[in-house]
Every structure is written in structure tokens, then in C-alpha cells.
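Visitor: One structure, pasted below without further comment.
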Amino acid sequence: RTESQFDFINFLAQQYDVWQNLKGEEKKKFSHIPLRITQYARLGAIDIRYVDSFREDDPQSKVNLAIKEIKKIYDEFDDLKGTQFIFVDQQKSLDGRIDIYHDIKKKLIKAGIPKSEILLVNPKTFKGKDKDKKRQAAFEAMNRGEYRIAIGGTMTLGTGVNAQKLAAGAHSIDTPWMPHEIIQREAR
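Under the working numbering, think of the first position of the sequence shown as 1, with each following residue one higher.
This is the structure in C-alpha cells:
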């Protein structure tokens, strides 16, 4: 946990305490507050910039530590063309200024992973009447090691994906809400 995350968690705890001390109709009126606190905490745990996009990029954020691990596995399994799955269900920062998938991709490229080996999988990736064929072709390419990294959410990268032939790693940047979604991710 970084210092900025620690400060943010304390702030959220204070906000929750304020909500807890509300009474009756006022508490009911603000019943959305615990859900909002949970969402902020989830994003802040990944990278504090996803809650406040004007913050500096912390080298100790979960995303940056994951990038180092992904690069390590990439290099370790390079001769086998080992592939990796990066799961993150939240695609944008709270203010919409940071696309989390592209932020991760940019950092992977900076770490030395070729852009051509990174596949972003979101609802808009495969378009048109032959989108199922395009999707299948992309995952077949991953099974051949042409794509070495796939970034996507539980529903787009975990469900119905058969691309694990060369799998060397799977990384959950965030945690899905439902237990069966964790199982879906880990089945890759």
C-alpha cells in the first residue's frame, strides 16, 4: 500500500463514519454513500490516479508492480512464447480521463513488450457482422503466441475464451464482484 493510498483509505473511512452517524431519513437519503465508497476504494487500490487522475504515477501502485511481474514472466517464457491474461473490469478512471486498458498497454510497451503482441479485449474490439470470427481468430493467434498479452474484463476475456495453450500467467488487477467470476478468470 502506498502512502497516498493509505491517506485515501483513511479519508474513505472518515466518510463512512460520517454516514454511519446519520439518522433516519437523512441516512436513507444518502444510502448510496457506502456503494460509492466501495467503488472509490476498489479503484484507489489499483492506482490512486484512477480516483484522482491529476495525481502522480506512483511506481509502487498495484498496476506498476503488476507490469514488473508481467514483464518478468514475459522474459522468462520468451522462448516458449508464453502468454498472459490481464483482467481488469473497470476500464476508465472515475473522471474518464484515464483509459485503464490503454494505460496498462502503454506501460507494457515502455517495459519492452512489442505493441503488436498486446491484445486489448473490450466490447468494441471485435466489430461487424463477422465479429465472432474475428474474436476466434484473435484467440487462435494467442494460442500460437502471436499475441502474448491479452488485457480485458471478466466478461470479455474470461467468458468463452479458449486461448490458454501457451498460458504462463494470469493477473487480476481488480477483483470481480461475484465468486463465479473469479473462477471464470482462473479457468484461463
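C-beta atoms are modelled at their ideal positions from N, C-alpha and C, and glycine is treated no differently. Nothing here was measured: the structure is a model prediction, and the numbers come from that model.
Would you check if the distance between the CB atom of K216 and the CB atom of A45 is smaller than 7 Å?
Guide: Since the first and last residues shown for the chain are 1 and 188, residue 216 lies out of range.
Visitor: Please determine if the region 108–124 and the region 151–162 are in contact, where contact requires at least 3 C-beta pairs separated by less than 8 Å.
Guide: Touching, per the Cβ criterion.
Visitor: What residues match up with A168 in a beta bridge as DSSP calls it?
Guide: Translated into the one-based positions of the sequence shown, residue 168 becomes position 168. Partner(s): none; A168 has no beta bridge.
Visitor: What do you reckon, are the CB atoms on D89 and G153 nearer than 7 Å?
Guide: Sequence index remark: in the sequence shown, residue 89 carries index 89 (1-based). Sequence index remark: in the sequence shown, residue 153 carries index 153 (1-based). Yes, these two residues count as a Cβ contact at 7 Å.
Visitor: Are Q84 and G145 touching if we call contact CB-CB under 7 Å?
Guide: Here residue 84 refers to the residue found at position 84 of the sequence shown. Here residue 145 refers to the residue found at position 145 of the sequence shown. Taking 7 Å as the Cβ cut-off, Q84 and G145 do not qualify as a contacting pair.
Visitor: Might you give, ordered along the chain, the residues of its own chain that have their beta carbon closer than 7 Å to the beta carbon of R49, omitting 5 neighbours on each side?
Guide: Walking along the sequence shown from the start, residue 49 turns up at place 49. If we look at R49 and ignore the five residues flanking it on each side, its Cβ neighbours are R55, D57, S93, I98.
Visitor: Taking only three categories from DSSP, how would you classify V18?
Guide: Counted from its first residue, the sequence shown places residue 18 at position 18. Of the three classes helix, strand and coil, the one that applies to V18 here is helix, per DSSP.
Visitor: How should E65 be labelled, buried or exposed, when 16 other C-beta atoms within 10 angstroms of its C-beta is the threshold for buried?
Guide: What you label residue 65 is simply residue 65 of the sequence shown in a count that begins at 1. Correcting the residue type first, residue 65 is Leu in the shown sequence and not Glu. It is exposed - the Cβ of L65 has fewer than 16 other Cβ atoms within 10 Å.
Visitor: Assuming the contact rule is C-beta atoms closer than 8 Å, I151 and Y74 should be a hit. Round their C-beta distance to whole Å, please.
Guide: Taking the first residue of the sequence shown as 1, we reach residue 151 at position 151. Taking the first residue of the sequence shown as 1, we reach residue 74 at position 74. The Cβ separation is near 13 Å, so there is no contact.
Visitor: Answer yes or no: do I37 and Q14 have a C-beta to C-beta separation smaller than 7 Å?
Guide: Translated into the one-based positions of the sequence shown, residue 37 becomes position 37. Translated into the one-based positions of the sequence shown, residue 14 becomes position 14. No, they are not a contact pair.
Visitor: Compare the C-alpha of Y40 against each of D130, K27, Q5 and name the closest.
Guide: Residue 40 sits at position 40 when you count from the first residue of the sequence shown. Of the listed residues, the one whose Cα sits closest to Y40 is Q5.
Visitor: Quick one: residues in its chain with C-beta nearer than 8 Å to the C-beta of T156, no 5 flanking neighbours on either side, listed in chain order?
Guide: In the sequence shown, residue 156 corresponds to position 156, counting from 1. Answer for T156: V121, N122, P123, T125, listed in chain order.
Visitor: CB-CB under 7 Å to I182, same chain, minus the five flanking residues each way: which ones, in chain order?
Guide: Position 182 of the sequence shown, counted from the first residue, corresponds to residue 182. Excluding positions up to five away in sequence, the list reads P176.
Visitor: If you follow the alpha helix (DSSP H) that T38 is part of, which residue opens it and which one closes it?
Guide: Residue 38 sits at position 38 when you count from the first residue of the sequence shown. Counting along the chain, the alpha helix (DSSP H) containing T38 begins and ends at 33–46.
Visitor: Would you kindly work out how many angstroms separate the C-alpha atoms of K68 and F11, rounded to a whole number?
Guide: Counting from 1 along the sequence shown, the entry for residue 68 is found at position 68. Counting from 1 along the sequence shown, the entry for residue 11 is found at position 11. Approximately 29 Å between the Cα atoms of the pair.
Visitor: Can you tell me whether L108 is buried or exposed, with buried defined as 16 or more other CB within 10 angstroms of its CB?
Guide: Here residue 108 corresponds to residue number 108 of the sequence shown, with the count starting at 1. Looking at its Cβ environment, which holds 16 or more other Cβ atoms inside 10 Å, L108 is buried.
Visitor: Does the Cβ of D95 have 16 or more other Cβ atoms within 10 Å, making it buried, or fewer, making it exposed?
Guide: Here residue 95 is taken as the residue at index 95 of the sequence shown, counted from 1. D95 comes out exposed.
Visitor: By DSSP's criteria, V121 is part of a beta bridge. Which residues make up the other side?
Guide: Numbered from 1 along the sequence shown, position 121 holds the residue referred to as residue 121. G152.
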